[in-house]
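See structure below.
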Amino acid sequence: MHLKAIYLERKDGNMSFNHAMLNNDFFIVGSDSRDTFSDGTYTDNRQKTYVNKELKLCWSYTGLSIYHNVDLIKIIKDILDLPVAIEEKLFIIQGIMTIETERYYKETSQDIYFDLFVGINENYQNALYILEVKNGLAQIAKNKKYNEKYHVSSGVHTEFQDHLNLIKMQNINTAVPELDRIIKLVMEESAKSDNTVGGDTYIAVMDNQGNIRAYINGVETNF
5 MHLKAIYLER KDGNMSFNHA MLNNDFFIVG SDSRDTFSDG TYTDNRQKTY VNKELKLCWS
65 YTGLSIYHNV DLIKIIKDIL DLPVAIEEKL FIIQGIMTIE TERYYKETSQ DIYFDLFVGI
125 NENYQNALYI LEVKNGLAQI AKNKKYNEKY HVSSGVHTEF QDHLNLIKMQ NINTAVPELD
185 RIIKLVMEES AKSDNTVGGD TYIAVMDNQG NIRAYINGVE TNF
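Residue numbering for the sequence shown follows the working numbering, starting at 5 and increasing by one per position.
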């Protein structure tokens with residue numbers, strides 16, 4: 005089956021980059037680690053891709069992460085680590101991020117997004133869930149479960165998903181270096197313009213048995 009591309013709304017502004025892909029054999033997701041603030045300053049130690057080997061899930065986000073000194077990603081991680089149905093967890097997260105992005109938009113009059121990709125293994129089959137929120141509105145058309153072969157990017161410079169070598173992305177042994185290559189290409193492009201993508205690359209791969217491997221800058225590790 006041909007790998008289908010999902011295109012989210014093109015973003016501008018203080019966002020990073022991530023990508024997720026689901027095929028018949030495995031799920032892969034990865035991101036950079038730059039957190040850019042409203043004043044243009046940034047830090048390169050913000051983890052944006054996570055795994056939970058016990059629950060057999062991997063996830064990655066772009067967009068609003070800290071607001072009024074509240075670490076929203078810590079809250080979201082705590083929710084995703086709960087041993088309850090993924091649909092219930094995403095419903096709670098959507099409610100939180102709808103409120104927080106609406107507050108941000110009303111206070112700043114600037115567009116604000118939160119995009120979340122979650123891969124989960126259910127009965128020895130992987131699935132991809134997408135959650136996208138903009139300015140207090142959940143993007144219902146894209147917010148759902150995907151079981152077929154899809155790939156999707158979020159954040160800035162999402163056009164780089166069209167530069168992926170899809171043959172390499174279909175092989176679990178070559179998908180990690182290929183996604184690492186694309187994220188680093190986005191970093192190079194970002195350095196010429198918005199400068200919001202940078203730091204280390206974080207990538208997670210999960211096979212259809214729910215076994216997860218994690219990589220930083222293409223080197224297998226734990227995170």
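Ideal Cβ placement from N, Cα and C applies to all residues, glycine included.
Evaluate residue i with the Cβ neighbour count: other Cβ atoms within 10 Å of its Cβ, from every protein chain shown; 16 or more gives buried, anything less gives exposed.
i, result
"lysine 138", "buried"
"threonine 205", "buried"
"phenylalanine 118", "buried"
"leucine 141", "exposed"
"valine 223", "exposed"
"valine 74", "exposed"
"tyrosine 219", "buried"
"threonine 40", "buried"
"isoleucine 32", "buried"
"asparagine 226", "exposed"
"glutamate 182", "buried"
"valine 88", "exposed"
"lysine 78", "exposed"
"asparagine 125", "buried"
"isoleucine 171", "exposed"
"arginine 217", "buried"
"lysine 196", "exposed"
"phenylalanine 95", "exposed"
"alanine 208", "buried"
If residue i sits next to residue j, beta carbons under 8 Å apart, how far is it from one beta carbon to the other, in whole angstroms?
i, j, result
"glycine 159", "lysine 15", "6 Å"
"leucine 61", "glycine 99", "The Cβ separation is near 20 Å, so there is no contact."
"serine 64", "serine 37", "Not a contact, Cβ separation roughly 11 Å."
"histidine 155", "methionine 25", "4 Å"
"tyrosine 133", "isoleucine 90", "6 Å"
Please work out which residues of its chain come closer than 8 Å, Cβ to Cβ, to residue i, disregarding the five sequence neighbours upstream and downstream, and give them in chain order.
i, result
"methionine 5", "Note that methionine 5 has pLDDT 47, beneath the 50 cutoff, so the model's placement of it is unreliable and no number is given."
"serine 194", "Phe21, Val160, His161, Thr200, Val201 and Gly202"
"isoleucine 103", "Gly140"
"isoleucine 97", "Ile80, Ile83, Leu84, Leu120 and Leu135"
"leucine 189", "Phe164 and His167"
"tyrosine 128", "Asn212, Gln213 and Gly214"
"leucine 68", "Leu76, Met101, Glu104, Thr105, Tyr108, Ile116, Tyr117 and Phe118"
"tyrosine 71", "Glu104, Arg107 and Tyr108"
"alanine 9", "Tyr154, His155, Val156, Gln165 and Asp166"
The beta strand (DSSP E) that contains residue i, what's its start and end?
i, result
"lysine 138", "130-138"
"methionine 210", "206-211"
"leucine 61", "61-67"
"glutamate 224", "223-225"
"threonine 53", "53-56"
"arginine 217", "216-220"
Over the uninterrupted alpha helix (DSSP H) stretch that includes residue i, give me the two end residues.
i, result
"lysine 8", "Lysine 8 -> not in any alpha helix (DSSP H); beta strand (DSSP E) instead, spanning 8-11."
"isoleucine 80", "76-84"
Quick one: residues in its chain with C-beta nearer than 6 Å to the C-beta of residue i, no 5 flanking neighbours on either side, listed in chain order?
i, result
"tyrosine 11", "none"
"threonine 66", "Met19, Ser20, Asn22, Asp119, Ser158 and Gly159"
"glutamine 143", "Glu136"
"alanine 179", "Ile32 and Met173"
For residue i, which residues of its own chain have a beta-carbon under 7 Å away from its beta-carbon, when the five flanking residues on both sides are left out?
i, result
"leucine 86", "Lys93"
"asparagine 169", "Glu182"
Would the C-beta of residue i count as close to the ligand HEM, meaning under 6 Å from any of its heavy atoms?
i, result
"phenylalanine 41", "Annotation note on the ligand HEM: not contained in the displayed structure, which lists no ligands."
Does the CB of residue i have a neighbour CB from chain C at under 7 Å?
i, result
"aspartate 119", "No chain C is part of this structure, which consists of one protein chain only."
Q: Just list the beta strand (DSSP E) runs in the region 21-47, keeping only unbroken ones of 3 residues or longer that don't cross its boundaries, in chain order.
A: 21-26 and 30-35
Q | alpha helix (DSSP H) segments (min. 4 residues) lying fully within the region 113-191 | A | 170-173
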